[in-house]
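Once you know that position 59 of the sequence shown is 46 in the working numbering, the rest is easy, because the numbers rise by one and skip nothing. Even glycine gets a Cβ: it sits at the ideal position worked out from N, Cα and C. The structure presented is a predicted model; accordingly, all values stated were derived computationally and were not measured.
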Amino acid sequence: MFKAELMEKAAHFRSTQDDPTRSLSACPSLVLNADYTPLSYYPLSLWPWQTAIKAIFLDRVDVIETYDREVHSPSLDIKIPSVIALKQYVKPSEFPAFTRFNLFLRDQFQCQYCGSGGGKGSNLTFDHVIPRRLGGKTTWENITAACAPCNMKKGGRTPEQAHMRLARQPIRPTHWQLQEYGKKFPPNHLHETWMDWLYWDIELQE
-12 MFKAELMEKA AHFRSTQDDP TRSLSACPSL VLNADYTPLS YYPLSLWPWQ
38 TAIKAIFLDR VDVIETYDRE VHSPSLDIKI PSVIALKQYV KPSEFPAFTR
88 FNLFLRDQFQ CQYCGSGGGK GSNLTFDHVI PRRLGGKTTW ENITAACAPC
138 NMKKGGRTPE QAHMRLARQP IRPTHWQLQE YGKKFPPNHL HETWMDWLYW
188 DIELQE
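Printed below as a string of structure tokens:
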């Protein structure tokens, strides 16, 4: 069967199972690079099931794991992939984007002055180590996570002027560093078939 015909059939897939515990929208595919590491950790590289099936028919990915759910066309049944791997390696950039989330992840969701926090729900702000009024810039090397009380206490002063010590000097992290930090803060939902491909610190069962 030609790929164009398969693509046309894929566009008309519908569910063949009445599974009230898992809707199709709750069946994303974890996308691995060609070296079988997640294409992205933050955010975690997930594709909707339709995109994953399209990539299968375009011969761009290999199916590694599947859900119990199936979709079908008049002539074809297929299990929804839960883990797929790209056939061509995509070289990741060395440094992550300078975003609020990545900044908090670098600082492990903790105030770098008093150590409060420790969870993704913490009410953190960010602080210019060298205040902008003193020429401080909004860069990885001059922004740190801080709780609101510490931010207010420090005000427009340097840590030395405010007699506040930083736990760690802010740096520009690499993707690898954020990946290592992120093992402590896995996503809220991890499907069981993803566990072997995400390097969280979980205890192996005998």
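7 Å CB neighbourhood of N89 in its chain, flanking five on each side removed: Y29, P83, L165
Nearest-angstrom Cα separation, counted from V70 out to L121: 50 Å
Proximity below 8 Å, CB of N129 to CB of Y76: no
Buried versus exposed, by CB contacts within 10 Å (16 or more), I158: exposed
Runs of beta strand (DSSP E) wholly within the region 80 to 140 (minimum 3 residues, chain order): 111 to 115, 130 to 134
Minimum C-alpha distance to R93 - residue among K171, D55, Y23: K171
Sequence-distant residues of its chain with Cβ nearer than 7 Å to R155 (five each side left out): Q99
Residue from T126, F91, E167, P25 whose Cα sits closest to the Cα of M182: P25
T180 versus R152: straight-line alpha-carbon distance, rounded: 44 Å
Rounded distance between the beta-carbons of R56 and L11, thought under 8 Å: 7 Å
Three-state secondary structure assigned by DSSP to I158: coil
For T8, three-class secondary structure by DSSP: Low confidence applies to T8: its pLDDT is 47, below 50, so where it sits in the model is not reliable, and the reading given next is rough at best. If DSSP states are grouped into helix, strand and coil, T8 belongs with coil.
Cutoff 8 Å: K66 Cβ touching any chain D Cβ: In the structure shown, chain D cannot be found, because there is only a single protein chain.
Chain-order list of residues whose beta-carbon lies under 8 Å from that of I67 (same chain, five-residue window excluded): L11, C14, S16, W36, A39, I40, T53, Y54, R56, E57, V58
Check whether A132 and Q97 have beta carbons under 8 Å apart: yes
Minimum C-alpha distance to I43 - residue among I65, P61, L31: I65
6 Å Cβ shell around F0 - same chain, five flanking residues per side excluded: Model confidence at F0 stands at a pLDDT of 37, short of 50, so the residue's coordinates are unreliable; what they give is reported in the following sentence. Contacts found: V58, S60.
Boundaries (first-last residue) of the alpha helix (DSSP H) holding T38: 36 to 44
DSSP state of T24 mapped onto helix, strand, coil: coil
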